[in-house]
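These notes are about the structure you will find just below.
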Amino acid sequence: RDGKLFWTKAFGVKRTKPNEPVTEDTIFEAASLTKPFFAYVAMKMVESGELSLDRPLCEYLPRETIEQELGHSLDLEGFRGDWFRKISARHVLSHSAGLPHGEGGKPFPIFFEPGTKYRYSADGYFYLQQVMEHLKGQSLDALMQKMAIEPLGMTASRMVWQDRYEKEAAVGHDVLGETDGKFRKRTEAHAGATLYTTAKDYAQFVIAMMNDTGLKPETIREMLKPQIDVSKDVYWGLGFGLERNPNGDTFWQWGDYGIFRNYIVGYKKQKIGLVYLTN
49 RDGKLFWTKA FGVKRTKPNE PVTEDTIFEA ASLTKPFFAY VAMKMVESGE LSLDRPLCEY
109 LPRETIEQEL GHSLDLEGFR GDWFRKISAR HVLSHSAGLP HGEGGKPFPI FFEPGTKYRY
169 SADGYFYLQQ VMEHLKGQSL DALMQKMAIE PLGMTASRMV WQDRYEKEAA VGHDVLGETD
229 GKFRKRTEAH AGATLYTTAK DYAQFVIAMM NDTGLKPETI REMLKPQIDV SKDVYWGLGF
289 GLERNPNGDT FWQWGDYGIF RNYIVGYKKQ KIGLVYLTN
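The end of the sequence shown is residue 327 by this note's numbering, with every number in the run present.
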């Protein structure tokens, strides 16, 4: 509220065997809440001139790197190389690149000409991740730590599993309260999915978006500007979903791993928002 952390509360249990309550310091898998957080760092590279929103991403990487990831030549018959060569960071961040969301195939599927439609895609975010890692010569984990996690004071958060999470992390459970007691210990960062965080920590990022912290106001305006239509009054910006409703313009994102189900929503003008993380 008013662009500041106003209230936090913990409910339920972080694991059932033994029964331990969730606390305000409990670590959750953020799942797709990772995507807009990654977009924030991508836009820092846009501001610095290291990355262009509209230059084709294939121009940043060696051809052999691209072909290795695709699993075939750029010239493979049936592959829409003409569309692939148009894909930019703007397309990826707005889910308008036409790239898949985990669907494989040979040739690698591209579902439409970039910039013409909306199609949610984690594969696109990973493609941009590879470009950013190549440009910086660092892993995404290191980039996110230096460019977002530390500056925003998100002391509990990391893009890969930490040993300290053994005691602090939530374990997923179903309606019957059952759990296998196992954590998914991600050792490699993925732009679309691997953030570990707390509600308090992630709120610092949402607050940064409200208060133009870490990016120029015009950059955040660009992130929260509709880039592609999704449905009536719903759009995608650069990293966030957007909706225009009677209460005002919102930015939002869900995170869903089946067990871990999360959601954030913010109203920039009113400087109010909500973060919830569940297991």
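Cβ atoms here follow ideal geometry from the backbone N, Cα and C, with glycine treated the same way.
Under the criterion of beta carbons closer than 8 angstroms, H182 and K154 do not qualify as touching, at roughly 24 angstroms. The DSSP assignment places complete alpha helix (DSSP H) segments of no fewer than 4 residues inside the segment 84-143 at 111-118, 129-132, 137-141, in order along the chain. Spanning the alpha carbons of K134 and T82 requires a straight line of approximately 25 angstroms.
The segment 172-180 and the segment 210-230 do not touch, with fewer than 3 CB-CB distances between them shorter than 8 angstroms. Straight-line measurement puts the Cα of R269 at about 14 angstroms from the Cα of I255.
In the DSSP secondary-structure assignment, N327 is not bridged to any residue.
Here DSSP, grouped into helix, strand and coil, assigns N259 to helix. Between T298 and G314, the C-beta spacing is below 8 angstroms.
In this structure E77 is buried. Its beta-carbon is surrounded by 16 or more other beta-carbon atoms within 10 angstroms. Short of 6 angstroms from the beta carbon of F160, and not among the five residues preceding or following it, lie these beta carbons of its own chain, in chain order: G146.
For Y213, the enclosing alpha helix (DSSP H) begins and ends at 213-216.
Rounded to the nearest angstrom, the Cβ distance from M192 to Q252 is 14 angstroms, too far for a contact under 8 angstroms. Taking a 10 Å sphere around the C-beta of W284, we find 16 or more other C-beta atoms and assign the residue as buried. Counted as a single uninterrupted DSSP element, the beta strand (DSSP E) harbouring L290 occupies residues 289-293. Taking 8 angstroms as the upper bound for CB-CB distance, W300 and G287 are not in contact here, some 11 angstroms apart.
Non-local beta-carbon contacts of H143 in its own chain, meaning distances under 8 angstroms to residues more than five positions away in sequence, involve Y166, R167, Y168, S169, G172, I276, W284 in chain order. Within the same chain, and ignoring the five residues on either side of I320 in sequence, the residues whose Cβ sits closer than 6 angstroms to its Cβ are R49. One alpha carbon belongs to T245, the other to V208, and they sit about 10 angstroms apart. N67 and G220 have their alpha carbons spaced roughly 12 angstroms apart.
Close CB contacts of G51 within its chain, under the 8 angstroms cut and outside five residues either way in sequence, are with I255, M258, N259, K319 (chain order). In the displayed model, R63 falls within a strand according to three-state DSSP. For T267, there is no enclosing beta strand (DSSP E); the residue is part of the alpha helix (DSSP H) that begins and ends at 265-271. Sixteen is the threshold: since fewer than 16 other Cβ atoms of the shown chains lie within 10 Å of the Cβ of F59, the residue is exposed. With 16 or more neighbouring CB atoms inside 10 Å of its own CB, S205 falls in the buried class.
For D171, the enclosing alpha helix (DSSP H) covers residues 170-184.
For the pair L176 and L105, the CB atoms are nearer than the 8 angstroms cut-off. Using a 10 angstroms sphere on the CB of G303, the tally of other CB atoms reaches 16 or more, which defines it as buried. The three-state secondary structure of L286, taken from DSSP, is coil. In the three-state reduction of the DSSP assignment, D50 falls in the coil class.
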